[in-house]
Amino acid sequence: MLRAAVRPLRASAFSSSSKVQQWRLASSLVFLEHKGGKLNDSSLSAVTAAKTLGDTAGIVIGSKADVDGVVGEAKKIEGLSKIYTASSDLYAHTIAEAVAPLLADFLPSKSITHLFGAHTAVGKNVFPRVGGILDTSVIADIIALESSGDIFTRPIYAGNAILKVKSSDKDKIKIVTVRTTAFDKTPIGSGDAPVEEVAEISSDSPTKYVSEELTVSSRPDLSSASRVVSGGRGLKSLENFNTVLDPLADALGAAVGASRAAVDSGYADNSLQVGQTGKVVAPELYVAVGISGAIQHLAGMKESKMIVAINKDADAPIFQVADVGLVADLFEAVPELANKVQAAKA
Ligand SMILES: Cc1cc2nc3c(=O)[nH]c(=O)nc-3n(C[C@H](O)[C@H](O)[C@H](O)COP(=O)(O)OP(=O)(O)OC[C@H]3O[C@@H](n4cnc5c(N)ncnc54)[C@H](O)[C@@H]3O)c2cc1C
Numbered sequence: 197m198l199r200a201a202v203r204p205l206r207a208s209a210f211s212s213s214s215k216v217q218q219w220r221l222a223s224s225l226v227f228l229e230h231k232g233g234k235l236n237d238s239s240l241s242a243v244t245a246a247k248t249l250g251d252t253a254g255i256v257i258g259s260k261a262d263v264d265g266v267v268g269e270a271k272k273i274e275g276l277s278k279i280y281t282a283s284s285d286l287y288a289h290t291i292a293e294a295v296a297p298l299l300a301d302f303l304p305s306k307s308i309t310h311l312f313g314a315h316t317a318v319g320k321n322v323f324p325r326v327g328g329i330l331d332t333s334v335i336a337d338i339i340a341l342e343s344s345g346d347i348f349t350r351p352i353y354a355g356n357a358i359l360k361v362k363s364s365d366k367d368k369i370k371i372v373t374v375r376t377t378a379f380d381k382t383p384i385g386s387g388d389a390p391v392e393e394v395a396e397i398s399s400d401s402p403t404k405y406v407s408e409e410l411t412v413s414s415r416p417d418l419s420s421a422s423r424v425v426s427g428g429r430g431l432k433s434l435e436n437f438n439t440v441l442d443p444l445a446d447a448l449g450a451a452v453g454a455s456r457a458a459v460d461s462g463y464a465d466n467s468l469q470v471g472q473t474g475k476v477v478a479p480e481l482y483v484a485v486g487i488s489g490a491i492q493h494l495a496g497m498k499e500s501k502m503i504v505a506i507n508k509d510a511d512a513p514i515f516q517v518a519d520v521g522l523v524a525d526l527f528e529a530v531p532e533l534a535n536k537v538q539a540a541k542a
């Protein structure tokens, strides 16, 4: 059981206004994801969200080699009071069935009130298991939170409605995943948090890591790229998708994305899908080529800072969210644009 999740402040130090009475000393832990010995940037957004509530520590879980590789970087994250590490072969590849019991055991032992993590594939796998073990709801995909620590904002219906939820799980640990595009990333820089090791706990899970196949690309990572060129069904074939979009993406130094229709038609790899059932991106520049702008696609890109749409249909819904719209045949407009960007760089 969680001890004293709500702790009153000392009367001598603060007035007794109702706002102050509601204030609580939260102690948050951020699950710091990593891959290939590198900290995952998305966790830095979760750190920013967690710090809204006050004292924040981080935890790195993985094989010994992974933890040793990442902990130096994790210590430098600004504003973290401590880095906990748990290393064991059991935790290699972040198998949720092994990691979740460790977190569920650890959180109450340190009187932690909130567990934060990024709303990534790993977060979506691990956090519901932690919630299940601790018998508490997961508050998923938040885009804002209040300093009281029990009120969170999250999008629903593919981002068409914004819901403010108040957790009624009093005295229970809040298990929260964070939409990474909604929070700035806490810098890795001048921090120097002390490190404390956490003992492994055994798991009788039958789940074992076998292998993984990763899509290798020399382009920027779609989830964190500052520029994205996305293609839709309007490209009409796999060959067109590559020959039309690649020169523009190269000229802009952009990642390539795709609509679900383009993925389902075999024009693009599944890992490139942007939208409700794909990746959520918010780059500085998002160029939508031959994409109609269905709400499920908009759910993954409408927070982009500058949206450019190229579509031959002037009534396509994508133009309702576009900052710059070009009604044109993409097979003429995109090569011309790529040439002009390239020429401007020369
Ligand atoms: C539960 C659910 C989840 C979904 N999740 C996602 C998701 O994550 N991501 C997603 O993208 N979709 C998702 N969808 C599908 C979504 O509803 C749309 O079907 C899809 O986004 C359409 O993709 P599109 O815009 O490429 O294709 P279309 O809607 O067919 O649009 C093609 C566009 O290309 C234009 N075009 C054609 N030829 C040219 C040309 N020569 N020059 C210029 N323009 C041209 C057309 O005018 C048209 O606007 C989901 C649907 C459901 C039901």
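Using this note's numbering, the first residue of the sequence shown is number 197, and each one after it goes up by one.
Cβ atoms here follow ideal geometry from the backbone N, Cα and C, with glycine treated the same way.
The alpha-carbon separation between D519 and V424 amounts to approximately 15 Å. In the DSSP assignment, E392 is bridged to Y280. If you ignore the 5 residues before and after V523, its C-beta comes within less than 6 Å of the C-beta of A510, all in its own chain and listed in chain order. For L298, the uninterrupted alpha helix (DSSP H) run begins and ends at 292-305, by DSSP. Counting along the chain, D509 sits inside no alpha helix (DSSP H), nor does DSSP assign it H or E at all. Assignment of beta-bridge partners to G258 by DSSP yields S283. Scanning its chain for C-beta atoms nearer than 6 Å, with the 5 sequence neighbours on each side dropped, one finds around A378 the residues I339, in chain order.
Going by DSSP, G328 is part of the alpha helix (DSSP H) stretching over 317-330. Restricted to the region 471-540, the alpha helix (DSSP H) segments that are unbroken, complete and at least 4 residues in length are 491-494, 514-517, listed in chain order. A residue is called buried when at least 16 other Cβ atoms come within 10 angstroms of its Cβ; A539 does not meet this threshold and is exposed. The set of residues with any CB-heavy atom separation to ligand 1 below 5 Å comprises, in chain order, G428, R429, G430, S455, R456, A457, G471, Q472, T473, G474, G486, I487, S488, A490, Q492, H493, N507, K508, D509, A512, D525, L526. Taking G496 as the centre and dropping the five residues before and after it, the same chain places the C-beta of V470, G471, Q472, G474, K475, V476, V477 closer than 7 Å to its C-beta, in chain order.
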